[in-house]
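Asks:
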Amino acid sequence: MSKPRVVIVGGGLAGLSCTMKLCELGVDVDLISLVPVKRSHSVCAQGGINSCNDQTRQIGDTEWKHFDDTVYGGDFLNHQPPVKEMADWAPKVIDLMDRLGVTFNRTQEGFLDRRRFGGTLYKRTAFAGATTGQQLLYGLDEQVRRWESQGKVTKYEHWDFLGPILDENRVCRGAIAQNLRTMEIRSFPADVVVVGSGGPGLVYGRSTMSVMCTGSAASRCFQAGAKYGNGEFIQVHPTAIPGADKLRLMSESARGEGGRVWVPRKPQDSRDPKSIPEDERYYFLESRYPEYGNLVPRDIATREIFDICVNEGLSVEADRLCVYLDLTHIPKPELDRKLGGILDIYQKFQGVDPRDVPMKIFPAVHYSMGGLWTDYERTQAGGLRVASPRNHQTNIENLYAIGECDYHYHGANRLGANSLLSCIFTGLFVAPGIQQKLSGMTKLSSEYATVHKAAQDEHQNRHDSLLKRDGGNENPYLLHQELGQVMTRSATVVRRNDQLAEAYETICDLHERSKNCSLSDTGNWTNQNVVFTKGVMDMFPLAKTIVKGALQRDECRGAHYKPDFQFPPLQATTDQERHREAELWCDRFEENNKKWLKSTIAEFDGEHPQITYEDVDVSIEPPRPRLYGLVGAEVIEQVWNDRRAKRSADVAENQAAAT
Amino acid sequence: MTQEMSFFERHEFMIRRLHSLSGLIPVGAFMVVHLMANASINNGTESYQKIVYQIHSLGPAVLVVEWLFIFLPIIFHALLGFVFIFQGRSNVSKYPYQANYRYVAQRVTGMIAFFFILWHVLQMNGVIHADWFRETIADPIGLAQFRPYNAASTAAKALQNPIVSGLYAIGILACVFHFANGLWTMGITWGVWVSPKAQKMASHICLGVGAIIAVIGLSALVGFYKVDIDKAEARELEMYEQGIKSGTILADPHKLIDSQRADQENH
Amino acid sequence: MIKDAYDQTISSFTVRIERQDGPGSPSYWETFDVTYESDMNVISVLQRIAAMSETATGEKTTPVAWSCGCLEEVCGSCTMVINGKVRQSCSALVDNLLDGTDQELVLQPMSKFPVVRDLVVDRQRIFRSLQRVEAWVPVDTYYDMGPGPKVSRAQQEINYPLSECMSCGCCMEACPQYTKVEVVRADGESDADYDKRVNEAYDTQFIGPQAISQAMLFNSHPTGAQIAEERLELLSGPGGVQVCGNAQNCVTVCPKEIPLTTSIARAGRAVTVHKFKKWFGKS
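Protein chains in written order, with the working numbering: chain G, 7 to 665; chain F, 5 to 271; chain H, 25 to 307.
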């Protein structure tokens, strides 16, 4: 009997950590990646990676608190056992990366330096300069190269995953992929296929994601029958530099150090911004939030910038949405000292010195909390059972999903510096489960030659007919632009049902039109045109899932913000009235959770996503309101805590009565 | 690696390092000594002749020293140098950076130096010291013009033609640049100067060393140009005869110019 | 020089691209007219060209193939030769490139790597060289064994810049000592046989500045140093650090400003010491 094999799709943090761990466990791996794995999108992560650590522990931090911050930040939409397991593993993950030689910043004494990130009170975040993702990825890349030199891993770089191979029982028996140079389509027999292909940023046209983040691998699994969870939860970063080719992150510290956000009062005023007099500038954050000014929280900044451009039409430029982030009033030496690095990035990519000219910025799609639905096996203690083959398996047997392209860990919104953690953690954690899975197999994929052959032929035919097709006049590049525009307009920061419904129609229309794409290159050598076209066509199922999920979810939760369903702040002036309002607020909150504290589960019927809802496992920490910045938050919190105390007292009483 | 590697590939490191080393020791070191010895001409015929006597006090062993420590190392350094030159592809037109210019200059001066030295050795030394060679080949075409016991006069005579001295000036400058710049790259190759700061400082020092050696080298050219050949020949003969008498030099009329050689052989 | 973004008068510009249909085919030039927009970089120019697929003379053509990834100058994908110099195309701004006298962009594939198609080259040799010098930390296991060895802040500050290397290939493209190796696939040769032959061809050729620098990075990590001698042996093998000709272009063109020549000198020193120890040291 031949040895079992695993195919891993994607060579980012998740794919590489899974690869190296499987190799250590003695499993041979075929690693398929669109790009050389060292160039995966994980390199773009700047900030850091979170864990409870020796220092924070001594001021009261625990793995539990890390877990709690994560589910609170995710507005309790995260299944809690995986999050708990991840938080418990976090210190071990960082220790391992440290041992692999990652050049984390150090303290004077030589320990790992830590910084504080959003959504927590503790300095949990280990970092390596401003390129933590790059450093972590390289650490893993090096280990995989080590295994490659021993023949345990075979890399298939510049290969495009076309889909899982399913047998007649819809069990995964391998993967189909295409060589991006020779255009050869080949089946890869595998007993387990692990997809770690990252996020679908390109569905939004331009985002902070790399050009290969099309979501096509996840979409192909989705179209093959895998469920997709929480698709509508897309994180948007408030300040990005809107380039013609992509949106690049601009650190929030620019606002922190005194940057002022404004637009000209006259729409698309074409004057040099520095010549626009003060009274013709609209400092909309300062005027709308006199208390916080430019330092309003992330989500509010995002919404307001979006609103001023989209709804008020005050974007600085006509054909590109953006506002000014102005630092020119701050003395240059001070800017150099505090923000030198990030200002250089702006200058490098925009060719303009932000010390002299106000920066142009706009929010940008940044991360997908949603992704392929995956299973897990819970322990009594509330974590995950180590080495359970169920962990991270999709609803298709033998097909696993890890990293950004699975839907766990981040709920409705992701905490900064948790993504690197979730990617490496899932890669490492899933490996022993896969090994278990393999050891329990009686019939290996090598015995499914006819299935492989059939799948290969099917994909070859699809490819050939795409090349041969003529008559259609649709340009895939322009279709992609249109898709990006409609997605960005309707399904990012502020969501309205009328816009979403309209967007869904438009996407369906674009999807139809995409079937008439004409190719400008019909050759069979490094044909980027056909690869791009396939990628675009696979964006529509995900785009529909995102929009439909958003349309149906009538509430505000995490990154999903619908002003029509927002809970109002407390308005009463007397304490008693306020208290009563808070009670009502809490009633409404509980009512809403009953209806909407559920994972969105999409299944694709070939044309449309069919959406159902699934309960979220909140058995470890009961949901509580997220009240950042809400007027009357203290009162609501008070009421909520009273309720909770009463409830636990009741439970205790009942238990006492029962015994 | 499973395929068969050539001798060069297997020993590339050793060969490259020996190449690097040979540029300093013995070739570079010899060049410096040689140029300094030549510069003594500026002190007069006697000073220069004395130094040459010293060298030739080794007698027949001079030949061994010449080949072992001068000719063979130069040939080794030069031939490998040519191989290395053709392994690289200069791109200074695309990347006009200072160090890149020096990379090219190192190779150009190396080639100039090679042809200059070849010519210089044939013109002065002649390599083959047999009478038949001298009579039938060297003398008719102007090779082997240097006579150790008429050092100043023969050298001066050979350098009287301004074109020849001009070419010598170019040759010497090429050799000196090649040496000074080679010293700097050698320091990197062997890891003597590592940081950019150290490399910068080293490049200044090498520049200084090069400039000094260049001045010394060129001063010799000027010195030879100013020699009064007749006077020098007379003085050299005196010195020869005194030396023989006092036993401080070995009698070898072959190391004299032909006119004096005949006289001496008749004694 | 930064051009004033508010003083832009041109409406379109010319892009000349050196194209090649595949390995072994002859290269040829095509010219495209691209409408000027503000804040364009070479990537967005290529995106426009891909979308229109039409030359300046109005003839239909295939889209130009090129590589790109993060577009933030951290992935190393989009290296090409732009107006004669190697660099990342994502950070190549049209406004700066058109600063010269003629309003033309010239794009060429890297010359030291085999062309796959148009501006796409095969840089497998870069990754192979990392394998050659065993650029990794040889840990025992990936099980939890506690934190790694302590590293001083000073050491981290030396290592961090080296570990920013994204294997883009600029240093190799600009290096006069680094020459192209292209192995032509024989008829009917299997992937495995071909790869083996390619790797053998790469393994005797110069490893280039990045691999030398990475070897130094791992030699200065406490655990990485466990196989330091092995790495030095490899660094002094065929195509090792000795091939460096000290033209120092690598350090000038490196987009991450990695002190490559310092690494090379460190490698030179380490190899010298290593060899002396080996020849004259303890048995």
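Using N, Cα and C, we set each Cβ at its ideal position, and we do this for glycine too.
Please list, in chain order, all residues of the same chain as H:Glu206 whose beta carbon is under 7 Å from its beta carbon, the five residues on each side excluded.
Replies: Around H:Glu206: Pro138.
Asks: What's the C-alpha gap between F:Phe86 and G:Cys24?
Replies: Using only the alpha carbons, I get a separation of about 51 Å.
Asks: Threshold first: 4 residues or longer. Then list the alpha helix (DSSP H) segments lying entirely within the region 516 to 581 of chain G, N to C.
Replies: For the region 516 to 581 of chain G, whole alpha helix (DSSP H) runs of length 4 or above, ordered along the chain, are 534 to 558.
Asks: Determine the direct distance from the alpha carbon of H:Met196 to that of H:Ile231, and round the result to whole angstroms.
Replies: Each residue's Cα considered, the two are about 9 Å apart.
Asks: F:His182 and F:Gly114 look like a contact to me (Cβ under 8 Å); what is the Cβ gap, rounded to whole Å?
Replies: Confirmed, Cβ separation roughly 5 Å.
Asks: So is G:His47 in contact with chain H if we call contact Cβ pairs under 9 Å?
Replies: It does: the Cβ of G:His47 has a partner Cβ on chain H nearer than 9 Å.
Asks: Whole angstroms is fine: what's the gap from H:Asn120's alpha carbon to F:Gly92's?
Replies: When rounded, the distance between both Cα atoms is 32 Å.
Asks: With a cut-off of 9 Å, does the C-beta of F:Ser250 fall near any C-beta of chain H?
Replies: No, F:Ser250 lies away from the interface with chain H (no Cβ there is under 9 Å from its Cβ).
Asks: Taking the alpha carbon of H:Cys102 as the point to measure from, which residue in G:Pro42, G:Pro631 and G:Thr334 has its own alpha carbon closest?
Replies: Of G:Pro42, G:Pro631 and G:Thr334, the residue nearest in Cα terms is G:Pro42.
Asks: For G:Gln534, which residues of its own chain have a beta-carbon under 7 Å away from its beta-carbon, when the five flanking residues on both sides are left out?
Replies: Closer than 7 Å at the Cβ level, and outside the excluded window around G:Gln534, lies no residue.
Asks: Identify the contact partners of H:Ala271 in chain F, using a Cβ-Cβ distance below 7 Å as the criterion.
Replies: The answer, in chain order, is Ala103, Asn104 and Tyr107.
Asks: Leaving aside the five residues before and after H:Ser260 along the sequence, list all residues of the same chain whose C-beta is less than 8 Å from its C-beta, in chain order.
Replies: Hits under 8 Å: Gln266, Val295, His298 and Lys299.
Asks: Indicate the three-state DSSP secondary structure (helix, strand or coil) for F:Asn129 in the structure shown.
Replies: DSSP places F:Asn129 in helix when its eight states are reduced to three.
Asks: Which residue from H:Leu284, H:Gln250 and H:Pro262 puts its Cα closest to that of H:Asn270?
Replies: When each option's Cα is compared against that of H:Asn270, the closest is H:Leu284.
Asks: For the structure I just gave you, are there three or more beta carbon pairs, one from the region 162 to 180 of chain G and one from the region 451 to 468 of chain G, closer than 8 Å?
Replies: Segments in contact, yes.
Asks: For G:Glu292, write down the residues that DSSP places opposite it in a beta bridge.
Replies: Paired residue(s): none; G:Glu292 is not in a bridge.
Asks: Please name the residue, chosen from G:Gly422, G:Leu301, G:Val33 and G:Lys338, that lies closest to G:Arg121 on a Cα-to-Cα basis.
Replies: Selected option, being the one with the closest Cα: G:Gly422.
Asks: Extract the residue ranges of the alpha helix (DSSP H) inside the region 93 to 125 of chain F, only unbroken runs of 4 or more that lie entirely within it.
Replies: 102 to 124, all fully within the region 93 to 125 of chain F.
Asks: Would DSSP call H:Lys27 helix, strand or coil?
Replies: Only weak support exists for where H:Lys27 lies, its pLDDT of 41 falling under 50; the coordinates are left without a value.
Asks: Please report how far the alpha carbon of F:Ser24 lies from the alpha carbon of G:Gln441, in whole angstroms.
Replies: Straight-line Cα distance between these residues: approximately 55 Å.
Asks: From G:Ile14 to G:Ile552, what does the alpha carbon distance come to, in whole angstroms?
Replies: The alpha-carbon atoms of G:Ile14 and G:Ile552 are separated by roughly 25 Å.
Asks: Could you check which residue in G:Glu561, G:Pro574 and G:Asp34 has the C-alpha nearest to that of G:Lys604?
Replies: If we check each option's Cα against that of G:Lys604, G:Glu561 comes out closest.
Asks: Assuming G:Glu48 contacts G:Cys429 (C-beta within less than 8 Å), just tell me the rounded distance between them.
Replies: First, the residue type needs correcting, since residue 48 of chain G is Ser and not Glu in the sequence shown. Contact flag correct, Cβ pair sits at about 7 Å.
Asks: Can you confirm whether H:Glu158, when its beta carbon is compared against all beta carbons of chain G, has any partner nearer than 9 Å?
Replies: So, interface residue.
Asks: Please classify G:Thr220: does DSSP put it in a helix, a strand, or coil?
Replies: It is coil, neither helix nor strand.
Asks: Going by DSSP, what residues sit across from G:Gln399 in a beta bridge?
Replies: According to DSSP, which records beta bridges pairwise, G:Gln399 is partnered with G:Tyr406.
Asks: Among H:Trp90, H:Ser49, H:Ala225 and H:Glu61, whose alpha-carbon lies nearest the alpha-carbon of G:Leu186?
Replies: It is H:Trp90 whose Cα lies nearest to the Cα of G:Leu186.
Asks: What runs of the beta strand (DSSP E), each 3 residues or longer, lie entirely inside the region 11 to 80 of chain G?
Replies: Within the region 11 to 80 of chain G, the complete beta strand (DSSP E) runs of at least 3 residues are 11 to 15 and 34 to 39.
Asks: Figure out for me which residue from H:Ile41, H:Gln180 and H:Leu143 has the closest Cα to the Cα of H:Glu128.
Replies: Selected option, being the one with the closest Cα: H:Ile41.
Asks: To the nearest angstrom, how far is it from the Cα of G:Gly566 to the Cα of G:Val500?
Replies: The question names Gly, but residue 566 of chain G is His in the sequence shown. Straight-line Cα distance between these residues: approximately 8 Å.
Asks: Between the Cα of G:Gly145 and those of H:Leu186, H:Ser68 and H:Thr86, spot the shortest distance and give me the residue it belongs to.
Replies: Of the listed residues, the one whose Cα sits closest to G:Gly145 is H:Leu186.
Asks: Would DSSP call H:Phe242 helix, strand or coil?
Replies: Three-state DSSP puts H:Phe242 in a helix.
Asks: Count the other CB atoms within 10 Å of the CB of G:Gln141; is the residue buried (16 or more) or exposed (fewer)?
Replies: It is buried - the Cβ of G:Gln141 has at least 16 other Cβ atoms within 10 Å.
Asks: Would you say H:Gly292 lies against chain F (beta-carbon separation less than 9 Å)?
Replies: Judged by the 9 Å Cβ criterion, H:Gly292 is in contact with chain F.
Asks: Three or more C-beta pairs under 8 Å: does that hold for the region 174 to 181 of chain F against the region 117 to 135 of chain F?
Replies: Touching, yes, given that three or more Cβ pairs across the two stretches are closer than 8 Å.
Asks: Which class does G:Gln616 belong to by DSSP, given the choice of helix, strand or coil?
Replies: Here G:Gln616 sits in strand by DSSP.
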